[in-house]
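In this note's numbering, the protein residues as written are 4 to 252.
All C-beta atoms in this analysis are idealised placements derived from N, C-alpha and C, irrespective of residue type, glycine included.
Source: prediction; values computed, not measured.
Heads up: the structure comes next, in structure tokens.
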Ligand SMILES: Nc1ncnc2c1ncn2[C@@H]1O[C@H](COP(=O)(O)OP(=O)(O)OP(=O)(O)O)[C@@H](O)[C@H]1O
Ligand SMILES: [Mg+2]
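Have a look at this one:
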């Protein structure tokens, strides 16, 4: 088992789009997968309780019979930052509980894809942000760069923050969430020159219902495969497992 933390330069940049594609792609390579969206706001009421569209998409893409509360332990109704939504709901996020849920899930597959929430420092509790969650899980980060105006600064800031927090950025993916953006190609070139992590994918804008995308076709498959093979051999010790568990890949 090994995990990947899918972070983004901001909210709405394509973390779910890329996570779903990654799950499909990992499965196409013969790996088993599970997925998590540990904290989600803007959830819809259903007969079974609050449900989040991202978590449902991940649950479906993983294909494994996962209980919803394992995929998304913290679901909030209000479409605001998780910290604010949690305060309104009176149910604070507990990062150690997420880590425990992650560990239980992780035993069940080769890869766990964890979609973050918002940008790198999206607030989760009074003091903690999404970065603290990534740190607690100790996972390598796949950075989704939303190709839009301002993305280069956002990408550089996020990559530096990941490194400053002591985490490894395994690569970045450029994703275009809006149809009208003429600078995607020059941005990709510029990002490739300025970011330290390798470019492991490009997801152009895909018209809804066009039948394109979603199956992992946006990845630089050989490079990503090489990176993940290396990771799956080396990065399987979580901080809370270090004492006695050897890696098993
Ligand atoms: N490559 C793409 N082509 C077409 N539409 C896209 C693409 N990437 C993202 N979108 C659309 O943009 C919106 C935001 O994408 P997505 O939900 O993947 O972002 P996110 O980073 O996961 O957002 P959040 O912060 O809410 O979790 C969605 O409506 C999605 O369908
Ligand atoms: Mg999302």
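| said: I need the DSSP call for residue 48, collapsed to helix, strand or coil. | reply: strand
| said: For residue 60 and residue 13, I'd like the C-alpha separation in whole angstroms. | reply: 19 Å
| For review: beta carbons within less than 5 Å of any heavy atom in ligand 2 | 18, 19, 57
| said: So, with DSSP's three-state summary, where would you put residue 130? | reply: coil
| request: Give the DSSP bridge partners of residue 178, in chain order. | output: 149, 206
| Residue range of the beta strand (DSSP E) that residue 6 falls in? | 5–11
| field | Euclidean distance between Cα positions of residue 8 and residue 199 | value | 18 Å
| message | Here's a check: name, in chain order, each residue in its chain whose Cβ is nearer than 6 Å to the Cβ of residue 78, leaving out the five neighbours to either side. | response | 43, 46, 53, 55
| said: Using the Cβ count rule (16 or more neighbours within 10 Å means buried), how would you classify residue 177? | reply: buried
| task | Please list, in chain order, all residues of the same chain as residue 15 whose beta carbon is under 8 Å from its beta carbon, the five residues on each side excluded. | result | 149, 180
| field | Identity of the residue in 210, 128, 234, 143 nearest residue 117 by Cα | value | 143
| field | Classification of residue 70 by the beta-carbon crowding that lies within 10 angstroms, buried from 16 upward | value | exposed
| said: Against chain D, with Cβ distances strictly below 8 Å, would residue 158 count as a contact? | reply: The question asks about chain D, but that chain is absent: this structure has only one protein chain.
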